[in-house]
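Under this note's numbering, residues 7 to 370 are what the sequence shown spells out, in order. Glycine included, C-beta positions come from ideal geometry on N, C-alpha and C. The model shown is predicted, which means the values in this text are computed figures rather than measured ones. Comments concern the structure below.
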Amino acid sequence: PGPGGTDPAEVRDLLAAALPDHLVPAAYAVLDRLPLTANGKLDTARLPEAEAPRSAGGAPRTPDEERMCAEFAACLGVREVGRDDDFFRLGGHSLLATRLIGRVREVFGAEVAVRALFDHPTPAGLLTALDRTAPARPPLHAVRPRPARVPLSPAQRRLWLLERLGGAGPAYHLPVGLRLAGTLDRDALVAALGDVVERHESLRTVVAEDDDGPYQVVRQAAPVPLPVAPLPRTGSPAPDTEPFALDREPPVRARLFTDGDRDHLLVLTFHHIAADGWSMLPLLRDLTDAYAARKAGHAPERPPLPVQYADYALWQQALLGSASEPTERAARQLAHWRAALDGAPAESTPPADRPRPARPSGRG
Numbered sequence: 007p008g009p010g011g012t013d014p015a016e017v018r019d020l021l022a023a024a025l026p027d028h029l030v031p032a033a034y035a036v037l038d039r040l041p042l043t044a045n046g047k048l049d050t051a052r053l054p055e056a057e058a059p060r061s062a063g064g065a066p067r068t069p070d071e072e073r074m075c076a077e078f079a080a081c082l083g084v085r086e087v088g089r090d091d092d093f094f095r096l097g098g099h100s101l102l103a104t105r106l107i108g109r110v111r112e113v114f115g116a117e118v119a120v121r122a123l124f125d126h127p128t129p130a131g132l133l134t135a136l137d138r139t140a141p142a143r144p145p146l147h148a149v150r151p152r153p154a155r156v157p158l159s160p161a162q163r164r165l166w167l168l169e170r171l172g173g174a175g176p177a178y179h180l181p182v183g184l185r186l187a188g189t190l191d192r193d194a195l196v197a198a199l200g201d202v203v204e205r206h207e208s209l210r211t212v213v214a215e216d217d218d219g220p221y222q223v224v225r226q227a228a229p230v231p232l233p234v235a236p237l238p239r240t241g242s243p244a245p246d247t248e249p250f251a252l253d254r255e256p257p258v259r260a261r262l263f264t265d266g267d268r269d270h271l272l273v274l275t276f277h278h279i280a281a282d283g284w285s286m287l288p289l290l291r292d293l294t295d296a297y298a299a300r301k302a303g304h305a306p307e308r309p310p311l312p313v314q315y316a317d318y319a320l321w322q323q324a325l326l327g328s329a330s331e332p333t334e335r336a337a338r339q340l341a342h343w344r345a346a347l348d349g350a351p352a353e354s355t356p357p358a359d360r361p362r363p364a365r366p367s368g369r370g
């Protein structure tokens, strides 16, 4: 317990009972009082760093436990995890759970559901949930030659359907802004954007459609338009709300806002069909490396990516199988969810302060 008998574990339990898991803080600091400025406002500069939770779960006892503890620690971004440490008490949440389970499947070559981590949230417990009798998933690899028709992944198909229904609008736009200080080489930046689009096929993929439904078409790399506009004196630039034409437009746009020669803002807008929050770090890292190379007068020197998203979509299709074949994974999952949702209302009916619109706007 901290000053005054405050126990951070109790605080966490109270928050966990009232908040979604991804909003529960991972670290806590207990103070006698909050530091204030002379004006009576919170003095953030004097706040101590909150300590990350420490392992209290005991050392691993077997090589498998050592590997599992290492995967927990890497996923959570902490130095060490004990065999009986709780994933969620160390700051884990549902998004990190998905990432961890993917790693566990790869490292241990065994099947395990994400749900198992909620039922067995410790390294030792999760090991007991591994199904080592189930056939291991086939490895993900580049498909060569590719078939003429590459399917959309189920996640992409959902987003494509929302766009076709006209109800998504900018709700699935992913904007990211990069503040650039100093002299900007615009030609190098345009070339670097082209390098990133060439490296990542998903950023130059459009969705075609035939009698069998939608499918991916990977286009040749082309320059990314980079319109320039003045940087607003106050506030932020207006967001890009123009819908993407997924059947003919690459799912990334770029805009450059500048204020003279020293202050610039690059705004990239991705459609969620081609990127997500986990994509941002590698994409921006590649853009930074490419810009540095282009400023130095040469193309970036990097090995090609071992797999592209189209390869993943083909791998996932082979893994799931056909929904029309009862023994295939897709058919079994579909049957499960049909049974689980049997009798559920067709639409949510919470009280609202205004009539439901005929079409969703995505504005909340």
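Query                                                                                                                                                                                                     : Result
Do phenylalanine 250 and histidine 179 have their C-beta atoms closer together than 9 angstroms?                                                                                                          : yes
Would you call arginine 210 buried or exposed, if buried means 16 or more other Cβ atoms sit within 10 Å of its Cβ?                                                                                       : buried
Pull up the DSSP beta-bridge partners for aspartate 137, would you.                                                                                                                                       : Glu117
Straight-line CA distance for alanine 352 to alanine 337?                                                                                                                                                 : 22 angstroms
When the Cα atoms are used, what is the spatial distance from proline 361 to threonine 355?                                                                                                               : 12 angstroms
Return the residue from the list Thr104, Arg143 and Pro41 that minimises the CA-CA distance to glutamine 322.                                                                                             : Arg143
Please go through the same chain and pick out, in chain order, the residues whose beta-carbon is closer than 7 angstroms to the beta-carbon of valine 234, but skip the five residues on each side of it. : Leu262 and Thr264
Would you mind listing the alpha helix (DSSP H) stretches within the region 248-274 that are 4+ residues and don't spill past its ends, in chain order?                                                   : none
Between which two residues does the alpha helix (DSSP H) containing glutamate 71 stretch?                                                                                                                 : 69-82
Does histidine 147 pass the burial test, meaning 16 or more other C-beta atoms within 10 Å, or should it be called exposed?                                                                               : exposed
Along the chain, where does the beta strand (DSSP E) containing glycine 219 start, and where does it finish?                                                                                              : 219-224
To the nearest whole angstrom, what separates the beta carbons of threonine 104 and valine 120, a pair I think is in contact under 8 angstroms?                                                           : 6 angstroms
Name, in chain order, the residues that DSSP records as bridge partners for arginine 291.                                                                                                                 : Paired residues: none, contrary to the question.
Could you tell me the boundaries of the beta strand (DSSP E) in which aspartate 193 lies?                                                                                                                 : Segment 192-205 is the alpha helix (DSSP H) holding aspartate 193; no beta strand (DSSP E) there.
Is the CB-CB distance between valine 203 and aspartate 253 below 9 angstroms?                                                                                                                             : no
Looking at alanine 299: is its Cβ nearer than 9 angstroms to the Cβ of aspartate 191?                                                                                                                     : no
Within the continuous alpha helix (DSSP H) that includes valine 17, where are the two ends?                                                                                                               : 14-24
Helix, strand or coil for alanine 35, going by three-state DSSP, please let me know.                                                                                                                      : coil
How would you write the range of the beta strand (DSSP E) that alanine 352 sits in, first residue to last?                                                                                                : Here alanine 352 belongs to no beta strand (DSSP E), and DSSP marks it neither H nor E.
Closer than 8 angstroms is the cut-off here; do at least three beta carbon pairs connect the region 236-245 with the region 162-174?                                                                      : no
Counting C-beta neighbours from all protein chains within 10 Å, is the total for valine 113 16 or more, i.e. buried, or is it exposed?                                                                    : exposed
Please list, in chain order, all residues of the same chain as leucine 20 whose beta carbon is under 6 angstroms from its beta carbon, the five residues on each side excluded.                           : none
Please state the DSSP three-state secondary structure of valine 212.                                                                                                                                      : strand
Check whether the Cβ of glutamine 314 lies closer than 8 angstroms to any heavy atom of the ligand ATP, and answer yes or no.                                                                             : This structure lacks the ligand ATP, and indeed carries no ligand of any kind.
Taking proline 31 as the reference, which of Gly97, Asp218, Ala358 and Val224 has the closest Cα?                                                                                                         : Gly97
Name the DSSP bridge partner or partners of arginine 185?                                                                                                                                                 : Leu271
On the criterion of 16 or more Cβ atoms from any shown chain inside 10 Å, does glutamine 314 qualify as buried, or is it exposed?                                                                         : buried
I'd like to know whether the C-beta atoms of glycine 63 and proline 129 end up nearer to each other than 9 angstroms.                                                                                     : yes
If you count every other CB in all the chains shown that lies within 10 Å of the CB of glutamine 222, and 16 or more means buried, which is it?                                                           : buried
Taking 9 angstroms as the threshold (C-beta atoms), are proline 157 and alanine 281 in contact?                                                                                                           : no
Let me know the secondary structure DSSP gives leucine 4 once reduced to three states.                                                                                                                    : Because the chain here runs from 7 to 370, residue 4 falls outside it and cannot be looked at.
Taking C-alpha atoms, which residue in Thr68, Val149 and Ala76 lies nearest to leucine 311?                                                                                                               : Val149
For phenylalanine 94 and valine 273, what's the separation of their Cα atoms in angstroms?                                                                                                                : 34 angstroms
With a CB to CB cut of under 8 angstroms and the five nearest residues on each side skipped, what residues in its chain are close to serine 328?                                                          : Glu334, Ala336 and Ala337
Considering just the uninterrupted stretch of the alpha helix (DSSP H) at alanine 336, what are its terminal residues?                                                                                    : 335-346
As a quick exercise: from Arg18, Ala22 and His277, pick the residue whose alpha carbon is nearest that of proline 257.                                                                                    : His277
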